[in-house]
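2 protein chains.
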Amino acid sequence: MTEVTSFSKCAGSAVGRIADMLQLLQDSVPIQRRMVRAGDSVYQVGQGFGSLFIVNSGYFKMVNLSGEGREQVVGLYFKGDWLGLDGIATSHYACDAVAMDTGEVWAIRYDMLIQAAVRTPALLTVLHEAMSRELTRDHDSMLSLCTLPADARVAGFLRYWADALAQRGQRTDQITLRMTRAEIGNYLGMTLETVSRALSRLARGDVIRFTEKGRRDIHIPQVDALTAFIQQTVAPVAAAFH
Amino acid sequence: MTEVTSFSKCAGSAVGRIADMLQLLQDSVPIQRRMVRAGDSVYQVGQGFGSLFIVNSGYFKMVNLSGEGREQVVGLYFKGDWLGLDGIATSHYACDAVAMDTGEVWAIRYDMLIQAAVRTPALLTVLHEAMSRELTRDHDSMLSLCTLPADARVAGFLRYWADALAQRGQRTDQITLRMTRAEIGNYLGMTLETVSRALSRLARGDVIRFTEKGRRDIHIPQVDALTAFIQQTVAPVAAAFH
DNA sequence: CGAAAGATTGAGATATTTCAACTGCGGTGG
DNA sequence: CCACCGCAGTTGAAATATCTCAATCTTTCG
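Protein chains in written order, with our numbering: chain C, 22 to 263; chain E, 22 to 263.
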């Protein structure tokens with residue numbers, strides 16, 4: 022019953038994992054497809070919880086609102102990611118989920134998913150793995166926020182985006198950010214000016230390059246250079262001696 | 022099957038929720054109790070995932086380690102909280118879970134939990150709610166980290182701790198922090214000196230008071246004062262006019 | 001008691017924010 | 001068609017919150 026569909030030869034890869042999951046969902050639970058355009062919200066804070074949403078295409082952000090108007094981008098979501106998990110605990114969504122581009126989400130009623138899981142236990146596996154992965158991702162975000170200087174956080178952000186694309190089988194040397202500097206800054210806990218300066222410094226150091234198309238398209242010669250840059254900013258200078 | 026045990030009259034409260042959950046687990050899955058002392062780890066990063074752990078007593082922190090040695094406290098856990106959820110996705114724990122005091126955790130094999138859930142669907146509910154609550158909690162942490170100045174973050178931390186105790190039916194006017202200034206600072210993304218100064222300022226403003234017992238015991242006349250303090254630091258001064 | 005660890009406080013250093021000016025781009029309408 | 005406006009982005013310089021370094025004090029514990 023957890024058998025892999027015949028044509029997905031690469032069940033071990035992330036591409037395969039995501040494809041298999043989408044297939045599994047299609048085969049075993051009722052799905053309502055929904056198109057969204059940039060700026061549309063999939064759900065909003067306070068709204069009664071009923072469904073989970075799986076990203077089929079497009080780019081989404083999750084925004085946490087404080088009572089007094091502070092707002093914070095707390096996550097970015099790509100194909101295969103789940104939205105709405107924050108609503109399970111209280112029966113009300115705790116955030117806004119907003120499309121950053123045209124895309125499609127699959128709405129799945131939570132109660133039907135649980136029902137279906139009795140017959141198809143693999144559904145539980147994919148759900149739990151999605152939640153667990155998001156927890157880990159959040160923890161990594163906190164690690165970056167608290168331990169890295171601004172430039173390194175921006176580098177980490179680019180690496181994260183590139184990795185997300187790579188896991189989905191897309192090219193990673195040329196990425197198009199779907200966010201303004203202000204949104205990136207909010208996500209990374211810094212101002213838009215600091216994001217701009219950090220990107221300029223990364224470009225000056227030839228870790229990234231701006232394409233002629235616009236400042237939102239970024240060429241990344243090698244993703245490893247981003248990783249190296251991050252380590253470099255943290256490493257004690259004495260590390261060279263041994 | 023989701024029936025409430027007879028003596029827990031307060032199923033709606035958090036106290037009742039936690040007591041009911043612990044009872045449910047005891048009744049429906051094999052549990053291995055394990056005592057821990059301050060500094061013991063419940064599990065460590067990289068270790069093969071097999072069990073989830075429910076805090077029965079004590080105080081725990083979750084620590085995320087980066088490859089290069091940066092480390093970050095990413096969560097605090099009290100009675101009724103679940104540990105190990107980060108291990109589900111990859112079959113390896115992604116963090117260290119460390120006891121900050123003597124306490125007891127209940128180890129539950131994940132595979133047995135899933136098996137038992139077929140007969141006792143309420144198990145799924147409590148598991149999913151625990152994961153969802155932690156996601157929401159993480160998002161709130163990010164909101165604080167990114168949008169609040171240091172003093173307000175410390176105030177938010179104290180409020181969080183007081184709330185956690187209140188939800189568990191303990192007194193909240195007098196709390197004993199189980200963490201050093203360095204640990205608090207790490208958790209809040211600031212240095213230990215900044216934590217110390219923030220606490221001093223809160224005490225000077227009479228939002229909190231230090232007890233004679235030591236600087237780890239903090240008297241909180243009214244938790245609302247902490248909330249007010251936070252709002253105050255964020256509010257635009259012009260908010261008074263209307 | 002003495003040593004080690006934890007906590008407080010001050011003063012100077014620094015990363016980031018704030019404020020401000022300027023550029024480029026895309027759309028809209030005269 | 002081009003002028004104009006608003007939005008996104010870049011860059012500079014001053015302001016500031018927090019960090020770093022250092023001295024001092026307190027508590028804990030063997």
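Cβ coordinates follow ideal geometry from the N, Cα and C atoms, glycine included.
All values reported here derive from a predicted model rather than from experimental measurement.
Assigned secondary structure, residue i (DSSP; H/G/I helix, E/B strand, else coil)
i          : result
Ala-120(C) : strand
Val-63(C)  : strand
Val-76(C)  : strand
Gln-253(C) : helix
Val-228(E) : coil
Ser-220(E) : Looking at the sequence shown, residue 220(E) is not Ser but Leu. Helix, per DSSP.
Asp-194(E) : coil
Asp-238(C) : strand
His-263(E) : In this predicted model, His-263(E) has a pLDDT of only 37, less than 50, meaning its place in the structure is not dependable; the value taken from the coordinates is given anyway. In this structure, His-263(E) counts as coil in the three-state DSSP scheme.
Phe-178(E) : helix
Gly-108(E) : helix
Met-6(C)   : Outside the displayed range of chain C (22 to 263) lies residue 6(C), so it cannot be described from this structure.
Gly-206(E) : helix
Gln-188(E) : helix
Glu-92(C)  : strand
Opposing strand residues paired with residue i [DSSP bridges]
i          : result
His-113(E) : Gly-69(E)
Gln-53(E)  : Ala-128(E)
Met-83(E)  : Gly-96(E), Ala-118(E)
8 Å Cβ cutoff, residue i in contact with chain C
i          : result
Ala-110(E) : yes
Arg-154(E) : yes
Ser-162(E) : yes
Ala-256(E) : yes
Gln-252(E) : yes
Ala-115(E) : yes
Thr-157(E) : yes
Leu-247(E) : no
Short CB-CB distance (under 8 Å) between residue i and chain E
i          : result
Glu-150(C) : yes
Asp-107(C) : yes
Gly-37(C)  : no
Gly-177(C) : no
Leu-104(C) : no
Leu-220(C) : no
Leu-73(C)  : no
Leu-223(C) : no
Thr-168(C) : yes
Leu-145(C) : yes
Phe-262(C) : Summary for Phe-262(C): the model assigns pLDDT 42, below 50, so the residue's position carries little reliability; its value from the coordinates is reported in the next sentence. So, not an interface residue.
- Message: Beta carbons nearer than 7 Å to chain E: which residues of the region 79–102 of chain C have them?
- Response: Asn-85, Ser-87, Glu-89, Arg-91, Gln-93, Val-95
- Task: Enumerate, from N- to C-terminal direction, the unbroken alpha helix (DSSP H) stretches of 4 or more residues contained entirely within the region 129–172 of chain E.
- Result: 131–140, 143–168
- Task: Note down, in chain order, all residues in the region 117–143 of chain C with a beta-carbon under 9 Å from any beta-carbon belonging to chain E.
- Result: Tyr-131, Ile-135, Ala-138, Val-139, Pro-142
- Interface residues of the region 34–63 of chain C facing chain E [CB-CB below 7 Å]: none
- Message: By the 9 Å beta-carbon criterion, what residues does the region 189–215 of chain E contribute toward chain C?
- Response: Asn-207, Tyr-208, Leu-209, Gly-210, Met-211
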